[in-house]
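Trainee: Have a look at this one.
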Amino acid sequence: MTDTSQPSPRTRPPQFMVLTVVLVVLAIAGLGLVIWKSGSGSHDTSSSASRLSGDTSPVSGSVVRSSERVTMLGDSVTVAAADALAQVLPKADIEASVGRQFRDLPDELSQLKKEGKLGNIVVVALGANGSPSSTVWSAVLSTLGDDHKLVLVTPHGNKEWIPDSIASIRQVAGQHPGRVVLADWDAVASSVSDFAADGIHPGPKGAQVFARTVSEAIQQAAAQ
C-alpha cells in the first residue's frame with residue numbers, strides 16, 4: 003500500500019518566515035546608524051561597521067545630572083561605544099552614524115535647534131573620517147549661541163587627517179574656555195588595549211574609557 007500521507011507542516015519552516023528573516027538581516031546590515039533618546043531605556047543599535055561594544059557591565063564614572071539636556075552627535079567610534087555611553091549617559095539624546103563628517107555638523111545642529119531638539123550641552127565626537135575646515139567652528143558656535151555649551155571629543159587613530167582634527171579641536175577649546183570643554187579621548191586612549199585592527203574603534207573596555215571621558219567633560223560643562 004502506498005503511503006499518501008503528507009509531512010506535518012511543522013517539519014519545515016514556512017517559506018515566508020525564511021524570507022522575513024533574510025530581509026531583516028539585510029536591513030540591519032545596511033543601516034549604519036545608531037540612535038537612542040533620553041529616558042527611553044533602550045536603543046536601536048545597528049551598523050554596517052563592526053559592533054565592538056558588547057560588554058554589559060556597569061561603566062565607572064558619574065551619571066550626568068538629570069537637569070541637563072545633552073545632545074551628542076558622533077561617528078562610528080560613538081557607534082562602537084554605544085552600550086557604554088547608554089549606561090553612563092542614560093538621559094542623553096545620542097545620534098551616531100558611520101561616516102559622519104565635520105562638514106555636515108553646522109546644518110545638523112541648525113536643524114536640531116529649529117526643531118527644539120538641541121540640548122543645552124552639545125557633545126561632538128567626530129574626526130575619524132576627516133578634519134574640520136577653517137569655517138566649521140565659527141558656524142557651529144554661531145548656531146549654538148550662548149545658550150548651549152559645547153563638548154568636543156578628540157579622535158584617536160593613525161589616519162593622516164586625525165592629527166589635524168585633534169589640533170583643531172584642542173585649539174578651539176583653548177580659545178573658548180567658557181563655552182567649549184575638551185573631552186580628550188586621544189590623550190587617554192593610550193591606556194586602551196582592545197582597539198579594533200584599525201586602531202580607531204574601541205572594544206568593550208575601551209568603550210568604557212571613552213564613555214567615562216565624555217561623561218566627565220559633560221559634568222565640567224554643566225558646572226560652568
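Counting in my numbering, the sequence shown runs from 3 upward without gaps. Idealized CB from N, CA, C, for every residue including glycine. Quantities reported herein were computed from a predicted structural model and do not represent experimental measurements.
(1) Could I get the ranges of all uninterrupted alpha helix (DSSP H) runs contained in the stretch 166–205, with 4 residues as the minimum, in chain order?
(2) State the DSSP-derived secondary structure class of D77, mapped to helix, strand or coil.
(3) Below 7 Å between beta carbons: does that hold for A219 and V153?
(4) With DSSP as the reference, identify every bridge partner of V153, one or two as the case may be.
(5) May I have the straight-line CA-CA distance separating W163 from A84, to the nearest angstrom?
(6) For G101, tell me which candidate among N131, A213 and S193 has the shortest Cα-Cα distance.
(7) Which residue's Cα is closest to the Cα of Q177: W139, A209 and S192?
(8) For a test of the three-state rule: what should DSSP assign to S135, helix, strand or coil?
(9) Under the DSSP definition of a beta bridge, which residues are partnered with S247?
(10) Does DSSP put V72 in a helix, in a strand, or in coil?
(11) Could you spell out where the beta strand (DSSP E) holding D95 opens and where it closes?
(12) Where does S44 fall in DSSP's three states?
(13) Rounded to the nearest angstrom, what separates D200 and N122 at their Cα positions?
(14) Please classify P179 as buried or exposed, where buried requires at least 16 neighbouring CB atoms within 10 angstroms.
(15) Cα separation between D46 and E97?
Mentor: Put simply:
(1) 187–190
(2) Mapped onto the sequence shown, residue 77 falls at position 75. Note: D77 maps to coil in three-state DSSP.
(3) Within the sequence shown, residue 219 is the residue found at index 217, counting from 1. Within the sequence shown, residue 153 is the residue found at index 151, counting from 1. A contact, by the Cβ cut-off of 7 Å.
(4) Reading the sequence shown from its first residue, position 151 is the one you call residue 153. According to DSSP, which records beta bridges pairwise, V153 is partnered with V125 and V183.
(5) Reading the sequence shown from its first residue, position 161 is the one you call residue 163. Reading the sequence shown from its first residue, position 82 is the one you call residue 84. Answer to the nearest angstrom: the Cα atoms are 24 Å apart.
(6) Numbered from its first residue, the sequence shown carries residue 101 at position 99. Measuring from the Cα of G101, the nearest candidate turns out to be N131.
(7) Within the sequence shown, the letter at position 175 stands for residue 177. For Q177, the nearest C-alpha among the options comes from W139.
(8) The count along the sequence shown starts at 1 and reaches residue 135 at position 133. Three-state result, S135: coil.
(9) The first residue shown for the chain is 3 and the last is 226, placing residue 247 beyond what the model contains.
(10) Here residue 72 refers to the residue found at position 70 when the sequence shown is read from its first residue. Here V72 sits in strand by DSSP.
(11) Against the sequence shown, residue 95 aligns to sequence position 93. Per DSSP, D95 belongs to the beta strand (DSSP E) from D95 to S99.
(12) Translated into the one-based positions of the sequence shown, residue 44 becomes position 42. Legend: pLDDT at S44 = 39, less than 50; position of this residue unreliable, value from coordinates given subsequently. S44: coil per DSSP, three-state reduction.
(13) Here residue 200 is taken as the residue at index 198 of the sequence shown, counted from 1. Here residue 122 is taken as the residue at index 120 of the sequence shown, counted from 1. D200 and N122: Cα-Cα distance of roughly 34 Å.
(14) Within the sequence shown, numbered from 1, the residue matching residue 179 stands at position 177. Under this definition P179 is an exposed residue.
(15) In the sequence shown, the residue the question calls residue 46 occupies position 44. In the sequence shown, the residue the question calls residue 97 occupies position 95. For D46, the pLDDT reaches just 40, beneath the cut-off of 50, and the residue's location in the model is therefore unreliable, leaving the point undetermined.
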